[in-house]
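For the sequence shown, position 137 (counting from the first letter as 1) is numbered 137 according to UniProt numbering, and the numbering increases by one without interruption.
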Amino acid sequence: MYSFIDNNSLYTYLKLIQIKIKNGPRNYSNRPRIQINQQYRYQKNEKKSNWYRCTNRLCGTLFDPNTLKINKIQHYHPPMTQCEIDCLLHFKTVVQVIISDHDVSIADAYNNEYQKLITKYSCEELAEFWKPFSSVNSNLRYHRNKTKPINAKETKDIVINDVYSKINNEQFLQFDNNNHSNRILIFMSPIGMKILANSTRWHLDGTFKTCPTHFHQILSIHGYYQNQMFPAAYILLQNKERETYIEALTEIKLILTSNNIQIKVQELLSDFELA
Ligand SMILES: [Zn+2]
């Protein structure tokens, strides 16, 4: 196949890729916002900031979402059907789930929304506006990959983005010292905090074998509560120096007190030597 490409077009192609890389992926939040009013769809007009223009390229109707008024030009085409609008909105939900919850597979996110539509419309009606999975799969995959962090080559490359710093929409990453020679990350959910708040005995557990790259160990803190042991906090450490443990545990204490939690712990147990 490639033998058909002459040097000139190959050069142009390479230049195109270069430009793509330079510009980087488009920021999702910067994309034109879509407005639906009276069953017509508008997108943000770059030139006149207040106005949104009809998504039908040949139509000159403008819409101002602040005043809910349109300009003097009437739409020359029929409005969207409710089915078309619902398909658009449900597809938007698919994208939202895909970028914000990486535990849901792309196919499941797509099917979940389709299941909702199928209760309201027939397959024939939907076929006109709801694109088959095969034609949107790669686009959806693009959205997911864009929100996935890059594989870190060095400690300084490790960036915990919004998707990974939250769990069930609640803060999970509680501390990142951003020290590239001795990085410490502390993950703890609000439930984890409650567990530690209510237990007088904490167990420290060090995992060395299944630790992510760039780290030396996962130190987990379990709380003994109502005769049961619960995992509550996960700390990623790059070494097993005494000072590192002290910094991490001091930080745990600070996180809890800054969340108005009074620490009741009396015993700190560990199955490994805390240097
Ligand atoms: Zn129009």
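Glycine included, every Cβ here is placed at the ideal spot set by N, Cα and C.
Asked: Give the DSSP-derived three-state secondary structure of GLN266 in the structure shown.; Found: coil
Asked: On the three-state DSSP scale, how would you describe LEU68?; Found: coil
Asked: Using the Cβ count rule (16 or more neighbours within 10 Å means buried), how would you classify LEU219?; Found: buried
Asked: Near ligand 1, which residues have their beta-carbon less than 5 Å from any of its heavy atoms, given in chain order?; Found: CYS54, ASN56, CYS59, THR61 and HIS75
Asked: Would you call ASP77 buried or exposed, if buried means 16 or more other Cβ atoms sit within 10 Å of its Cβ?; Found: According to the sequence displayed, residue 77 carries His and not Asp. When all chains shown are included, HIS77 counts as exposed.
Asked: Do CYS87 and PHE133 count as a contact pair if the criterion is CB distance below 7 Å?; Found: no
Asked: With burial defined as no fewer than 16 other Cβ atoms inside 10 Å of the residue's Cβ, what is the status of PHE208: buried or exposed?; Found: exposed
Asked: Would you say the region 231 to 245 touches the region 160 to 171, given that touching needs at least three Cβ pairs under 8 Å?; Found: no
Asked: According to DSSP, is SER181 helix, strand or coil?; Found: coil
Asked: Please state if the CB of GLN35 and the CB of PRO65 are separated by a distance shorter than 7 Å.; Found: yes
Asked: Whole angstroms is fine: what's the gap from TYR224's alpha carbon to SER199's?; Found: 5 Å
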